[in-house]
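First residue of the sequence shown: 6, per my numbering; consecutive thereafter. Take a look at the structure below.
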Amino acid sequence: MKGHDVNKLLIAIVGIPLVLVLIGVLIATSTDVLHPMTVDAAIQYLESQNYAVFSPAEFDLVAKEATTAKEATAQAAVETADSAVEAAEAAVIAAQIAAAKVDLFNSAVVYLLPDVTNVTITLTAGDTNVWSSWAEVVDSTNVTLSSKFALSAGYINDMYIFDHSAVDKVYSIELAYGANKTILGRMMWHTSYKDAVQIKSRHVPAGQTIYYRMMCSGANGATAKVGFRYFYE
Numbered sequence: 006m007k008g009h010d011v012n013k014l015l016i017a018i019v020g021i022p023l024v025l026v027l028i029g030v031l032i033a034t035s036t037d038v039l040h041p042m043t044v045d046a047a048i049q050y051l052e053s054q055n056y057a058v059f060s061p062a063e064f065d066l067v068a069k070e071a072t073t074a075k076e077a078t079a080q081a082a083v084e085t086a087d088s089a090v091e092a093a094e095a096a097v098i099a100a101q102i103a104a105a106k107v108d109l110f111n112s113a114v115v116y117l118l119p120d121v122t123n124v125t126i127t128l129t130a131g132d133t134n135v136w137s138s139w140a141e142v143v144d145s146t147n148v149t150l151s152s153k154f155a156l157s158a159g160y161i162n163d164m165y166i167f168d169h170s171a172v173d174k175v176y177s178i179e180l181a182y183g184a185n186k187t188i189l190g191r192m193m194w195h196t197s198y199k200d201a202v203q204i205k206s207r208h209v210p211a212g213q214t215i216y217y218r219m220m221c222s223g224a225n226g227a228t229a230k231v232g233f234r235y236f237y238e
């Protein structure tokens, strides 16, 4: 047999088994590629590596919950901001009202009761250091302070103190309006003082009855002669 024929035979004897082995390896490898691990196995593997694995429905739920939480947080922030704005606006309005009221007290045309010098208003206290019963404020000609606010709302600005029946004592008085006796103002003074006591009352609605009650520190049924200044809004 010639040399080159021997070489061909050796190549055939050695090469064919190698080819078969390579084909087997390729088949085995391709089997792994063509047949990967199952979905459950993949999930188990990922979870073993501390990954969070969601089904499509679970992912949608988680995403929805996250969106809802963000929306709730944003809404809460908006509501907080709205509340702050409302509080600031309320503060501004309150300041404007207060400023307007001060301006009104300082610039309004003032009226008097009594408005003539021969008429008086006499207020009577209860027992010593005890409030009297509520009574309407009325002058010696039966003109009431309420009548001055019958058609128009306004404020009581001052109460003038002209005289007292008690001496060296302290008087205290409350003014109120309506059946519920809504307090308009409170004053206290010593009998050594005879001048105007500022009331700067709350708003007096039109058509309300105006009452007083009074006490004195040292005399049952002590009296005081007074007058009032008032104005309209």
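Glycine included, each C-beta is placed from N, C-alpha and C at the ideal position.
Item: Chain-order list of residues whose beta-carbon lies under 6 Å from that of Met193 (same chain, five-residue window excluded); Value: Ser177
Item: Segment contact, 8 Å Cβ cut-off, at least three pairs: the stretch 111-120 with the stretch 195-214; Value: no
Item: Among Glu238, Thr72 and Val231, the one whose alpha carbon lies nearest that of Pro119; Value: Val231
Item: C-beta atoms of Ile161 and Ile204 nearer than 8 Å; Value: yes
Item: Local Cβ density within 10 Å of Val124, reported as buried at 16 or more and exposed below that; Value: exposed
Item: Exposed unless 16 or more other CB atoms sit within 10 angstroms - verdict on Ala227; Value: buried
Item: Euclidean distance between Cα positions of Thr133 and Met219; Value: 10 Å
Item: Collapsed DSSP secondary structure at Leu189 in the structure displayed; Value: strand
Item: Close Cβ partners of Pro22 (< 7 Å) along its chain, the five nearest in sequence each way excluded; Value: Its pLDDT being 49, under 50, Pro22 is placed unreliably in this model, and the coordinates cannot settle the point.
Item: Rounded straight-line distance, which links the Cα of Val202 to that of Asn185; Value: 25 Å
Item: Collapsed DSSP secondary structure at Ile48 in the structure displayed; Value: helix
Item: Element boundaries [beta strand (DSSP E), containing Ala218]; Value: The displayed chain sequence assigns Arg, not Ala, to residue 218. Counting along the chain, the beta strand (DSSP E) containing Arg218 begins and ends at Ile215 to Cys221.
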